[in-house]
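A.B. asks: First the structure, then my questions, so here it is.
Chains as they are written, first to last, in the working numbering: chain A, 1 to 159; chain B, 1001 to 1142.
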């Protein structure tokens, strides 16, 4: 796997999904450490994890402040924020990671099959590894809605 | 003609969004029905008059492909077009969908215009064969 190619596919996928389905405008913030983003613990952060297997195996994690997740879910469903339940927020976050990672692999190589697992909610600090970007782990941080969202992909096995 | 559409997805927000995008597309819808998995979908299909099924692939209990296979075992249900709406975009997986009776697939993310073109084509409202595998900037040439 070429880290640069996968990072490019992931960034293109993030833009594609968030702009097309969620009508968000976004910028990528390459110089931000995701562990330092929310280290104060003031703002609750929701994290969703999705495992995958195929030519590459591993998992991806998507992290988003709860405040942003509520706003995105309300817009996504066409409802007011007061009408949105925690279950709907969680389902939306899981749908986002599912769409983005599925789309990332299609963009990376549409000739191979990647099997995606079922997205699950996880604890932010347990799921994000403070590793430098490498061939096996890389992160993408996005600035949108005056806040940050982050993706991390960890490759545990490569055929 | 207004079409009754069954949306099958285990995600409540995704069902809401599909409904919103189909409405926004201007495609002529009579009534929407919703199911959270293939098994619920079969119950609704056996009780209501449906013209079209839009189903997710990955769902608990009975996934989208199993739903289509069950529909194809039934003389009445097999005449209802089933469309897979999925993040699965590999050529191999799409060919598997088509071989097992899925009439069309729509890859997430999608726009109202893309969904309108696909649905109109399926319901015979357009003859534009070039739209069949066209999903935005991606073309699958079988």
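Idealized CB from N, CA, C, for every residue including glycine. None of these values were measured; they are calculated from a predicted model.
1. Residues in the segment 76-92 of chain A with C-beta within 7 Å of chain B's C-beta atoms, listed in sequence order?
2. Compute the Euclidean distance between the alpha carbons of residue 71 of chain A and residue 21 of chain A, then round it to the nearest angstrom.
3. List the residues of chain A that residue 1012 of chain B touches, going by C-beta distances under 7 Å, in chain order.
4. Tell me which residues of the segment 1063-1095 of chain B have at least one Cβ-Cβ distance to chain A shorter than 7 Å, keeping chain order.
5. Taking 9 Å as the CB-CB cut-off, is residue 94 of chain A touching chain B?
6. Which of the residues in the segment 1034-1064 of chain B, read from start to end, lie with their CB under 9 Å from any CB of chain A?
7. Any Cβ of chain A within less than 9 Å of the Cβ of residue 1016 of chain B?
8. Quick one: does residue 1110 of chain B have its CB under 9 Å from some CB of chain A?
9. Measure the C-alpha to C-alpha separation of residue 1006 of chain B and residue 33 of chain A and round it to an integer number of angstroms.
10. Assign residue 1011 of chain B to buried or exposed, taking buried as 16 or more other Cβ atoms, counted over all protein chains shown, within 10 Å of its Cβ.
11. Determine the direct distance from the alpha carbon of residue 85 of chain A to that of residue 1103 of chain B, and round the result to whole angstroms.
12. Mind checking who residue 116 of chain A pairs with in its DSSP beta bridge?
13. Going by Cα to Cα distance, which pick from A/5, A/14 and A/25 is closest to residue 98 of chain A?
14. Buried or exposed, going by whether 16 or more other CB atoms sit within 10 Å of the CB of residue 1016 of chain B?
15. Does the distance from the C-beta atom of residue 116 of chain A to that of residue 46 of chain A stay below 9 Å?
16. I'd like to know whether the C-beta of residue 1107 of chain B is nearer than 9 Å to at least one C-beta of chain A.
17. Given residue 7 of chain A, which residues of its chain have a CB within under 6 Å of its CB, disregarding the five upstream and five downstream residues?
18. Which residues of chain B have a Cβ atom closer than 9 Å to the Cβ of residue 10 of chain A, listed in chain order?
19. Whole beta strand (DSSP E) runs in the segment 30-114 of chain A with 3 or more residues, listed along the chain?
C.D. replies: Well, looking at it:
1. 76, 77, 78, 88, 91 and 92
2. Counting from 1 along the first chain, the entry for residue 71 of chain A is found at position 71. Counting from 1 along the first chain, the entry for residue 21 of chain A is found at position 21. Near 14 Å, if we compare the C-alpha coordinates of residue 21 of chain A and residue 71 of chain A.
3. Position 12 of the second chain, counted from the start, is the residue given in the question as residue 1012 of chain B. Those within 7 Å of residue 1012 of chain B in chain A are 88 and 91.
4. Cβ contacts with chain A come from 1087, 1088, 1089, 1090, 1091, 1092 and 1093.
5. Along the first chain, one-based indexing puts residue 94 of chain A at 94. Residue 94 of chain A counts as touching chain B.
6. 1058 and 1060
7. For this step, residue 1016 of chain B is matched to residue 16 along the second chain. So yes, residue 1016 of chain B belongs to the interface.
8. Translated into positions along the second chain, residue 1110 of chain B becomes position 110. So, interface residue.
9. Position 6 of the second chain, counted from the first residue, corresponds to residue 1006 of chain B. Position 33 of the first chain, counted from the first residue, corresponds to residue 33 of chain A. The alpha-carbon atoms of residue 1006 of chain B and residue 33 of chain A are separated by roughly 44 Å.
10. As a working note, residue 1011 of chain B is residue 11 in the second chain. With 16 or more other Cβ atoms inside 10 Å of its own Cβ, residue 1011 of chain B counts as buried.
11. Residue 1103 of chain B sits at position 103 when you count from the first residue of the second chain. Residue 85 of chain A sits at position 85 when you count from the first residue of the first chain. Cα to Cα, residue 1103 of chain B sits roughly 35 Å from residue 85 of chain A.
12. Walking along the first chain from the start, residue 116 of chain A turns up at place 116. Beta-bridge pairing links residue 116 of chain A to A/52.
13. For this step, residue 98 of chain A is matched to residue 98 along the first chain. It is A/14 whose Cα lies nearest to the Cα of residue 98 of chain A.
14. On the second chain, residue 1016 of chain B is found 16 positions in, with the first residue counted as 1. Its Cβ being crowded by 16 or more others within 10 Å, residue 1016 of chain B is buried.
15. Numbered from its first residue, the first chain carries residue 116 of chain A at position 116. Numbered from its first residue, the first chain carries residue 46 of chain A at position 46. Not a contact, by the Cβ cut-off of 9 Å.
16. Here residue 1107 of chain B corresponds to residue number 107 of the second chain, with the count starting at 1. With respect to chain A, the C-beta atom of residue 1107 of chain B has a partner C-beta closer than 9 Å.
17. By 1-based counting over the first chain, the position of residue 7 of chain A is 7. Counting only Cβ-Cβ distances below 6 Å, and skipping sequence neighbours, we find 138.
18. Taking the first residue of the first chain as 1, we reach residue 10 of chain A at position 10. Per Cβ cutoff of 9 Å: no residues; residue 10 of chain A is ~14 Å from chain B at best.
19. 45-53 and 56-65
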